[in-house]
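Residue numbering for the sequence shown follows this note's numbering, beginning at 21 and increasing consecutively.
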Amino acid sequence: EWFITYEQVTGGNISMANSVVCRVAGIGSIQIRTHDGKFCTLNDVRHVPHMTKNLISLSLLDTKGFSFQGEGGVMYVCKGSNRVLKGVKRGILYILQGTTLFASAAVASSEVHKDDMTKLWHMRLGHMSERRMQILAKSDLLCGHKVGTTDNSADMFTKPA
């Protein structure tokens, strides 16, 4: 129910740190709402029915080009200069700060809100003014996105005092 994509597999196994070997039932993708409210999709996630904890392999993330920063009991998983995931140390593990979305919730959340798209284009275009973004939108140069004035979008166009 957590997977947004899922394919059953046969013959796959995972070796645990305590030398126990567990069967992999399937592989798919899950979506996580991160500590800062953004969404992150993890691909090639193994479904291991007999595991009691959900684990994220840092070595696999490293292979996929992610880096890690940590100190003081807090660790970040980064892609370039962006902090993608945050974990807080509890015992010998870092606990992910975020929530796993159920498949039905993940599909519903894949729609991007208008304010979020406006902010994304605003940042992509080097913090362009609202008026200039509206000109681009009228010329259909923002992939169909329409820039409108809302309470939330007005804040991003205001220069800090």
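C-beta atoms are modelled at their ideal positions from N, C-alpha and C, and glycine is treated no differently.
None of the values given here were measured: they were computed from a predicted structure.
Through-space distance from residue j to residue i, alpha-carbon basis
i    : j    : result
Q51  : M95  : 20 Å
K73  : S79  : 18 Å
S101 : S49  : 24 Å
A37  : K139 : 43 Å
C42  : R110 : 25 Å
D56  : V40  : 35 Å
V44  : T83  : 21 Å
M143 : F59  : 18 Å
V29  : I47  : 7 Å
W141 : S159 : 15 Å
P234 : G92  : Given that the chain is displayed from residue 21 to residue 181, the structure contains no residue 234 and the question cannot be resolved.
L156 : R103 : 30 Å
Residue environment, residue i, which counts as buried when at least 16 other CB atoms sit within 10 Å
i    : result
H67  : buried
L121 : buried
G107 : buried
I24  : buried
L116 : buried
M153 : buried
L105 : buried
Where residue i falls: helix, strand or coil (DSSP)
i    : result
S49  : strand
L62  : strand
T119 : strand
T30  : coil
T25  : strand
M36  : coil
S87  : strand
C-beta contact flag for residue i and residue j at 8 Å
i    : j   : result
G118 : T54 : yes
L81  : V97 : yes
K99  : G85 : yes
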